[in-house]
Amino acid sequence: MKYTKEKIVKALLLAPLPLLFFTALLFIIMNREYSLYSIFVVFVGHGLIYLAYCILTVPFSFMFSILLNRYSVLSFITICISSLIIATPFFVLLGWSHTGEVSKEWWKMYTDTWTILMALIPGLSYWLFLTDFKVKELFMKKIIYFNCLAFIFTYISLFYQKYILIDRIVVDRLGKVEVIGGGFPLQFLVDGEISPGGSIAIDPLNIIIGLDQFIFLYFILDYLFWLGCLLACYLSFRQIKIK
């Protein structure tokens, strides 16, 4: 089966996004970087990795794909083999940017299972986007739409505020302190120690600066709650429409 150049380019640009998103999320959870500024820095860093991918690998991947597509051999197997080949200089440059030198035994990187997965997962994503892009494009639009709505509803829930008990250091010991918090069903933004007492700043700039305490876990749970509500409403509406 042959594919158009436009479909190949779109699939190549989308291929690393699932892996980058999950590695960013994993980094945040493993390092407990729950402040909004730290989360912003992590995603900016992963954005720079995506930019490096677009500059260093997309042109070569595109040429490989065009060549394979010309002879109708652009398949899952050839894509995985190409991913391993093209990822090699990318990983070498990434290692050089961290250590300042190229490893003399760079080929041993593929003895590590994690490195192999890092090379193959974008290849798998590329193949999935390539084989059924129109359906996935429509599906992705729905995913983006529902996630944006869930994010908006989560932010709006900050207007629901109540006093909650949280752990704070009081006279050289840890104790429960009653502070104002915003969010529903869980309060993910609470009055910070350096902010004016008795209130929370809900404008985006102050949230990013970190004047108040941002509880990342509660934010994710609230976000999933609103996403679940939206999906439940959508499915209920579809059921009524079908009847």
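Everything in the sequence shown is counted per the numbering used here, starting at 24 for the first residue and increasing by one.
Ideal Cβ positions, reconstructed from N, Cα and C, are used throughout, including at glycine.
| Item | Value |
| --- | --- |
| Cα-Cα separation, V115 to W129 | 7 angstroms |
| Distance, F248 Cα to S259 Cα | 16 angstroms |
| Residues of its chain near A38, where Cβ-Cβ distance is below 6 angstroms and the 5 sequence neighbours each way are ignored | P145, S148 and Y149 |
| Touch test, the segment 124-141 against the segment 190-209, Cβ-Cβ under 8 angstroms, three pairs minimum | no |
| Check whether Y57 and I223 have beta carbons under 9 angstroms apart | no |
| Run of the beta strand (DSSP E) containing V200, from where it starts to where it stops | R196 to G205 |
| Where the alpha helix (DSSP H) containing W150 begins and where it ends | T136 to T154 |
| Residue(s) in a DSSP beta bridge with L188 | E201 |
| Exposure label - L90; buried when at least 16 CB within 10 Å | exposed |
| Straight-line gap, F99 to V67 (C-alpha atoms, nearest Å) | 31 angstroms |
| Chain-order list of residues whose beta-carbon lies under 7 angstroms from that of F85 (same chain, five-residue window excluded) | I31, V32 and L35 |
| Coil, strand or helix - V96 by DSSP | coil |
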